[in-house]
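Residue numbers (my numbering): 2 to 220.
Ideal Cβ positions, reconstructed from N, Cα and C, are used throughout, including at glycine.
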DNA sequence: GACCAGGCACATC
DNA sequence: GATGTGCATGGT
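Written as structure tokens, this is what we have:
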């Protein structure tokens, strides 16, 4: 292993410890059921979580947050209910694509879908229109409880700032950095991604806040 | 009023 | 394969 690789490997492992000591457990995903995780994962695409919360509460309020109810509802009606998330027409169609696959191939049963092996489940999710690598991996980790590392915009920004990757790195390359340098541990992958998001939200949005970032402090 | 947020698909080169 | 664009609301 080259010196560069050793450095990266150490960084990936140490940063988790630092973030966990500083912020503590994040208790992700903020949802009451695996189905709610999936809905949230699609709705939060390129969108602030506060906007998603409004849409989820609206669906709950109307008692529509079940596979059966959402499968039956009209796409246009669904779009109106999730308006607060932005991209509501596209996201309504994406939710419908997921539900279509769930009902056509698995009888509307999430347990049945989750009985697939991790590689098959990931492949199945990626076949669904509107589910890309990050959304698929979020579903695998937080809904299906598989030890898969989720890469998002915060993850890439963090690694870029610390000069561990180049801008052209692909999703797969970044994911490999974590999976090859960490034990395959569900709980740790869960916390690590959540901690990166916490860090990003609190410290990476401005240069001034970035100076206060716990990773930039000594001792 | 500008900028950004827990992406993705599609067109074009 | 890389790059650009459309999708859209709500918070700062």
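Segment contact: the stretch 92-106 against the stretch 43-55, three or more CB-CB distances shorter than 8 angstroms; contact assigned.
Taking residue 196 as the centre and dropping the five residues before and after it, the same chain places the C-beta of 17, 20, 21, 24, 27 closer than 8 angstroms to its C-beta, in chain order. Residue 139 counts as buried, since no fewer than 16 other beta carbons sit within 10 angstroms of its beta carbon. Under the three-state reduction of DSSP output, residue 26 falls in the coil class, being neither helix nor strand. Between residue 151 and residue 172, the CB-CB gap reaches or exceeds 8 angstroms. Per the coordinates, the alpha-carbon of residue 107 lies some 10 angstroms from the alpha-carbon of residue 116. The closest CA to that of residue 52, considering only 64, 188, 177, 82, is found on 82. Burial of residue 97 is indicated by the presence of at least 16 other C-beta atoms within 10 angstroms of its C-beta. Sequence-distant partners of residue 37 (beyond 5 residues in either direction) whose C-beta falls short of 8 angstroms from its own C-beta, in its chain, are 57, 66. For residue 86, the CB contacts under 7 angstroms within the same chain, skipping 5 residues up- and downstream, are 44, 48, 52, 53, 56, 92 in chain order. Cα atoms of residue 12 and residue 76: separation of roughly 45 angstroms, rounded to the nearest angstrom. The residue among 103, 178, 202 with its C-alpha nearest the C-alpha of residue 113 is 103. For residue 63, same chain residues with a beta-carbon under 8 angstroms away, outside a window of 5 residues either side, are 82 in chain order. Per the coordinates, the alpha-carbon of residue 133 lies some 6 angstroms from the alpha-carbon of residue 127.
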